[in-house]
Amino acid sequence: MASLLRLPLLRFCVVAVALLAPVAALSGPTLDAKELRAAVRAFEARTAGQVLRPVDVAALRADLGLGTAGRVAAPSDDAATGKPALSGAGGLFALQTGQAIQTPNVRSSGQREGPVDAGTTNFRLMMASLAQSYSGINTLSVITAQGARGSTALSIRSGTVTLADVRSLFAANGMPPRADGTFTAPLVLWPDATLRLSPGERMGLARDQGAFVLSMGHLEINGALIEVVGGENPHEPVFMPFVTVLGSGSIQMVGSTLRGLGFGRTAKFAGLTVAGNPLMQAKRRVILRGNLFDDIKIVTIAGAPAAEISGNTFSNARNNALNVMNAPYAVVRGNLFRGTAPTNAIRVDLGSDHALIAQNVFLGGERVAVLINGNSNSVAVRDNLIWRRDGAGIKFLNTRCGLAEGNILVDNRQKGIEVRKSDGVVVQQNLITGNRSAGVWVSAQAEDARTAVRDNIFEANGAGLSAATGAEIWISGNNFSRQLPKLLDGDIARLSTRLVRDLRGEGSWRLNRGKAHAQEMLTPLCGSET
């Protein structure tokens, strides 16, 4: 009988606290979720169907009242202990106007760097190099799409060429472009070659003729358009043109538009791909800044350390919009992801340690917006807005020392932030509101794994914090006052009575094995000051 009375008593306590506890504002500037929802809806209505040019993401963030405050370094492993170590701690997301994106110094198209050496080549030679690191999947489709011409491509072995130069060279080598300048055959650039596209120029790639660009050299694309032209390829219907940079090649693309590129089951032909080779050091850093990627299957950065992907608009991706693979210290900052999106917006995978995912805006889309996976350690996900995904907001999977800080996760169909099979993840200073499942979900953890959840605001989620084999979770400073009645769920649901007495997070608790242990202070997790 006593067991039957306990549940109504718990409900009574929860309701009583909800009625009596005032909703005090946290110290520092905060964000009104209702106003944010209205602002995002207004932006979506105002720009519906407009994908003609990149969105000024810094201005958009300012219009939405979002901050771009600087943050501490990404976490790293502590050299002494081998356990996760995080240096420093930032404040609550500050409402500051974003900084304008600066363009790199791209040389004018009138400059030349040595004589141009051009002719034709069998592109299978370069395909073989690509297959060594990225498999031979879909290579036959590229070859089949060439039809009777076979695997002949225009080859630029050295020198710097413009779009006009390339068109003339195609014609001189028996592969003339169409009247509008569209390429009708593949273009291959070797390590000593550079292709420059200038503002207002258009490089069309004929799908029905099997055109594509494969480069081990350098691409400088400034204010240009690269797009797919023509209908289905008669020899290989699945084929779509692509731009792939491989080996020691590099690309700097600013203020440009790529439209319609990419096909296949691997990333190497999936749209715009940088497929670096760890044995071949690139001469230049990869920079993608202020571009529009429309109807691209995937933009992939693989094997290219310290790449910058900033201020771009990803619209209507046909797969995950951006892959970052084996690309440590990549910076993905200030981008907009919108339109149809059948899977993740960003995947950080295969050892992309110390990557930074910051100040991006995600509007809609399927599955989790930001997936950190594949032993990509010390990755920081900061100050992003993730709005109405059909999946979750942020997920750490098989990683160490992840940091989710200052993010705003609103009205996602599943979880706000998920931590799974990961150690040393810190979830702090996030606004997590209106998500249908748990605001923060911790599951499938190793027995000695630790997760810190602190200084977050939980509001009207399906549950506040939930765990399923969550191992050890430290909580401190979280505001659950607008999360009633479902504060905790899963393995830790029965600890809600302890939390309901401390909705403002004045105490520090260590949750482990179904018990809550009060702590005067939390042992540093990832080396942070707690």
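Count the sequence shown with mature numbering (1 follows the signal peptide of the UniProt record, and there is no 0) and you get residues -27 to -1, 1 to 503, in order. The beta-carbon is built from N, C-alpha and C at its ideal position, and this holds for glycine as well.
Checking the sheet assignment: what are the DSSP bridge partners for residue i?
i, result
"residue 298", "275, 322"
"residue 191", "167, 223"
"residue 200", "177, 232"
"residue 405", "382, 431"
"residue 368", "344, 391"
"residue 350", "Beta-bridge pairing links residue 350 to no other residue."
"residue 186", "160, 216"
"residue 483", "447, 490"
"residue 512", "Nothing can be reported for residue 512, as the shown portion of the chain is limited to -27 through 503."
"residue 309", "286, 334"
"residue 373", "396"
"residue 133", "167"
Between which two residues does the alpha helix (DSSP H) carrying residue i extend?
i, result
"residue 580", "Any property of residue 580 remains undetermined from this structure, which presents the chain solely from -27 to 503."
"residue 143", "136 to 145"
"residue 113", "112 to 117"
"residue 513", "For residue 513 there is no data in the structure shown, the boundaries of the chain being -27 and 503."
"residue 97", "97 to 107"
"residue 427", "Premise fails: residue 427 lies in the beta strand (DSSP E), 423 to 427, not in any alpha helix (DSSP H)."
"residue 471", "469 to 472"
What residues in its chain sit with their C-beta under 6 Å from that of residue i, if we drop five residues either side in the sequence?
i, result
"residue 288", "24, 267, 311, 312"
"residue 345", "321, 352, 369, 372, 375"
"residue 327", "47, 301, 302, 351"
"residue 164", "189, 190, 221"
"residue 83", "Low confidence applies to residue 83: its pLDDT is 40, below 50, so where it sits in the model is not reliable, and the reading given next is rough at best. Contacts found: none."
"residue 490", "483"
"residue 280", "259, 274, 300, 303"
"residue 367", "343, 354, 377, 390"
"residue 506", "Residue numbering for the chain in the displayed model covers -27 to 503; residue 506 lies beyond these limits and cannot be assessed."
"residue 291", "270"
"residue 306", "283, 331, 332"
Considering residue i, what are the terminal residues of the beta strand (DSSP E) in which it resides?
i, result
"residue 401", "398 to 401"
"residue 89", "First-last for residue 89: undefined, no H or E at that position."
"residue 176", "175 to 179"
"residue 395", "Unbroken run through residue 395: none, as it is neither H nor E."
"residue 378", "376 to 378"
"residue 330", "329 to 331"
"residue 249", "244 to 249"
"residue 505", "Look at the range of the chain in this structure, -27 to 503, and you will see that residue 505 is not part of it."
"residue 304", "304 to 306"
"residue 282", "281 to 283"
"residue 314", "Residue 314 -> no beta strand (DSSP E), and no H or E assigned at all."
"residue 505", "The structure shown does not extend to residue 505, since the chain is modelled only from -27 through 503, so no value can be given for it."
"residue 286", "286 to 288"
"residue 267", "265 to 267"
"residue 335", "334 to 336"
"residue 441", "436 to 441"
"residue 413", "411 to 416"
"residue 261", "260 to 262"
"residue 455", "452 to 455"
Only counting the same chain, and skipping five residues up and downstream in sequence, which positions put a Cβ closer than 8 Å to that of residue i?
i, result
"residue 134", "89, 91, 142, 166, 167, 168, 169"
"residue 478", "427, 428, 448, 449, 450, 451, 452, 453"
"residue 239", "107, 108, 110, 111"
"residue 8", "38"
"residue 256", "191, 221, 223"
To the nearest whole angstrom, what separates the beta carbons of residue i and residue j, a pair I think is in contact under 8 Å?
i, j, result
"residue 247", "residue 275", "6 Å"
"residue 124", "residue 96", "5 Å"
"residue 285", "residue 299", "Between residue 299 and residue 285 the Cβ distance is about 21 Å, and since that is not below 8 Å, they are no contact."
"residue 378", "residue 355", "5 Å"
"residue 294", "residue 314", "6 Å"
"residue 343", "residue 325", "Incorrect: roughly 12 Å between the Cβ atoms, too far for contact."
"residue 235", "residue 215", "5 Å"
"residue 317", "residue 341", "6 Å"
"residue 102", "residue 237", "Contact flag wrong, Cβ pair sits at about 18 Å."
"residue 422", "residue 396", "4 Å"
"residue 409", "residue 435", "5 Å"
"residue 387", "residue 364", "5 Å"
Return the chain-ordered list of same chain residues with a C-beta closer than 7 Å to the C-beta of residue i, the five sequence neighbours on each side being excluded.
i, result
"residue 440", "415, 416, 446, 463, 464, 465"
"residue 140", "150, 154"
"residue 94", "126, 128, 161"
"residue 398", "369, 375, 392, 424"
"residue 460", "437, 453, 469, 472, 473"
"residue 504", "In this structure the chain extends from -27 to 503, so residue 504 is not present and cannot be described."
**Message:** For the region 100 to 120 against the region 190 to 198, do three or more pairs of beta-carbon atoms, one drawn from each stretch, fall closer than 8 Å, so that the two count as touching?
**Reply:** no
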